[in-house]
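Just so we're aligned: the sequence shown equals residues 71 to 387 in this note's numbering. Comments concern the structure below.
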Amino acid sequence: MEYQKLGQTNLCISRIGFGGAPIGGADYGKVNDQQSILAVKAAYKLGINFYDTADIYGFGHSEKILAKGFSPKEKKNVFMATKFGVRWDYKKNKSYRDLSHCYIKKAVEKSLFNLKISTIPLYQIHYPDPETPISETMETLKKLQKDDKINFIGCSNFTADLIKKYQKYGRIESAQMSYNILDQRAEKNLFPICKKLKMSIIAYSPLAQGLLSGKYGEKTKFPNNDRRNRGIYFTKEILKRATPIIAELKKLGRQYHKTPAQVAIRWILDHPQITCVLVGIKNPKQAKEALGALGWRLTSEERKKLSKMGKKIIFKD
Ligand SMILES: NC(=O)c1ccc[n+]([C@@H]2O[C@H](COP(=O)([O-])OP(=O)(O)OC[C@H]3O[C@@H](n4cnc5c(N)ncnc54)[C@H](OP(=O)(O)O)[C@@H]3O)[C@@H](O)[C@H]2O)c1
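Pasting the structure below:
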């Protein structure tokens, strides 16, 4: 396993992180809790020490499954990074943002309880909330740091401007963002601000929700309880335009004795600014496969070719 420092901290986190959205079991197709726990255990054995989750993933289920994957001793060796700030309105049946003092105070206790730990190593703001003053959110988080409820603060789905604004109120160590061959939007503004402020970049959706593994096609039908029915990747248009990229991943895979998924993850790791790639993992096989992205490199020509092909797929900002 390879490890890198998180932001300006002394925490060394694995370059492959365990993405905990699927194991929430609510919104990512077929998931089996027993397999999820085995996946966490397999990831630990393989050297993964960074586990990303959120209070909204399965309404706490992802956090609870993670906690079940480790012995109390193992828990001391891992960083369970959770997120807060997206809530569910049961009446309207939709999510909303909340970064208020009142909510954070309750959310942190709930996550600590679910994760069965006394301090959250990295507490990440899941999405911005334009209704709450930045000072209110950051003062609350700094007080949680003082009280040893959390160690470090991270953000996710922020624009570069917002990162600049938040950093005026306190230190944010990492920014989570979508980054994969099909979605390179973050390179333009987010990568430069993270470099300037010495923040870690944590990339999510490396496989474009599984699309870049090459196992899905235009005929794929996902069950109703799968976010991929509503997401940006599994539209007819993107599926069609991604076909030559998947063919290229397969070609490179044959050359390096790797799977298309491993090549797609490698493309991300080969960017010098990436600290950690979060791979959504459902079972031990997927954990093991993710690790095959380490220990080798694409040549700069190969990476450039994939980047160029991916840039043709334009997502609206
Ligand atoms: N901060 C945020 O707002 C945010 C947003 C999205 C994600 N994230 C984080 O980033 C993590 C990863 O992103 P993601 O889950 O959206 O997408 P992803 O990692 O691109 O795709 C994950 C899906 O791909 C499939 N897969 C995984 N390994 C595979 C392999 N070796 N071969 C073939 N298929 C494989 C699995 O689904 P199937 O087996 O069903 O195909 C898995 O659920 C999340 O779990 C979460 O922790 C954060």
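Heads up, the beta-carbon is just placed ideally off N, CA and C, and yes, glycines get one too.
- Query: With respect to 8 angstroms, is the separation between the Cβ of Glu288 and the closest non-hydrogen atom of ligand 1 below this value?
  - Reply: Residue numbering aside, residue 288 sits at position 218 when the sequence shown is read from its first letter. No - ligand 1 has no heavy atom lying nearer than 8 angstroms to the Cβ of Glu288.
- What residues are listed by DSSP as bridge partners for Ala245? Working through the sequence shown from its first residue, we reach residue 245 at position 175. Cys225, Ile271, per the DSSP bridge assignment.
- Can you name the residues that DSSP bridges to Ala151? As a position in the sequence shown, residue 151 is number 81, starting the count at 1. Asp122, Leu192.
- Cβ-based neighbour list, Lys355, same chain, cut-off 8 angstroms, excluding 5 preceding and 5 following: Here residue 355 is taken as the residue at index 285 of the sequence shown, counted from 1. Cβ neighbours of Lys355 beyond the five flanking positions: none.
- Message: Please tell me whether, using a cut-off of 8 angstroms, the distance from the CB of Asp122 to the nearest non-hydrogen atom of ligand 3 is below it.
- Response: Looking for ligand 3 in the displayed structure turns up nothing; the ligands present are ligand 1.
- Task: Would you list the one or two residues that DSSP bridges to Gly87?
- Result: Position 17 of the sequence shown holds residue 87. Partner(s): Leu348.
- Identify, in the order they occur along the chain, each residue of the same chain with its Cβ nearer than 7 angstroms to the Cβ of Leu260, setting aside the five sequence neighbours on each side. Within the sequence shown, the letter at position 190 stands for residue 260. Excluding sequence neighbours, Leu260 sits near Ala230, Ala245, Met247.
- Short check: CB of Ile93 to CB of Met71, under 9 angstroms? Locating residue 93 in the sequence shown gives position 23, where the first residue counts as 1. Locating residue 71 in the sequence shown gives position 1, where the first residue counts as 1. Cβ distance not < 9 angstroms, so Ile93 and Met71 don't count as in contact.
- Run the CB neighbour count on Ser132, radius 10 Å, all protein chains shown included, and call it buried at 16 or more, exposed below. Mapped onto the sequence shown, residue 132 falls at position 62. When all chains shown are included, Ser132 counts as buried.
- Strand pairing of Cys82, partner residues [DSSP]: In the sequence shown, the residue the question calls residue 82 occupies position 12. Per DSSP, Lys75.
- Measure the C-alpha to C-alpha separation of Gly99 and Cys225 and round it to an integer number of angstroms. Position 29 of the sequence shown, counted from the start, is the residue given in the question as residue 99. Position 155 of the sequence shown, counted from the start, is the residue given in the question as residue 225. Going by the C-alpha atoms only, they are around 27 angstroms apart.
- Task: Say yes only if the C-beta of Asn250 is nearer than 8 angstroms to one or more non-hydrogen atoms of ligand 1, and no if none qualify.
- Result: In the sequence shown, the residue the question calls residue 250 occupies position 180. Correct: Asn250 has its Cβ closer than 8 angstroms to ligand 1.
- Task: Please report the residue range of the beta strand (DSSP E) in which Lys375 lies.
- Result: Counting from 1 along the sequence shown, the entry for residue 375 is found at position 305. It is not in any beta strand (DSSP E) - Lys375 instead sits in the alpha helix (DSSP H) that spans 370-381.
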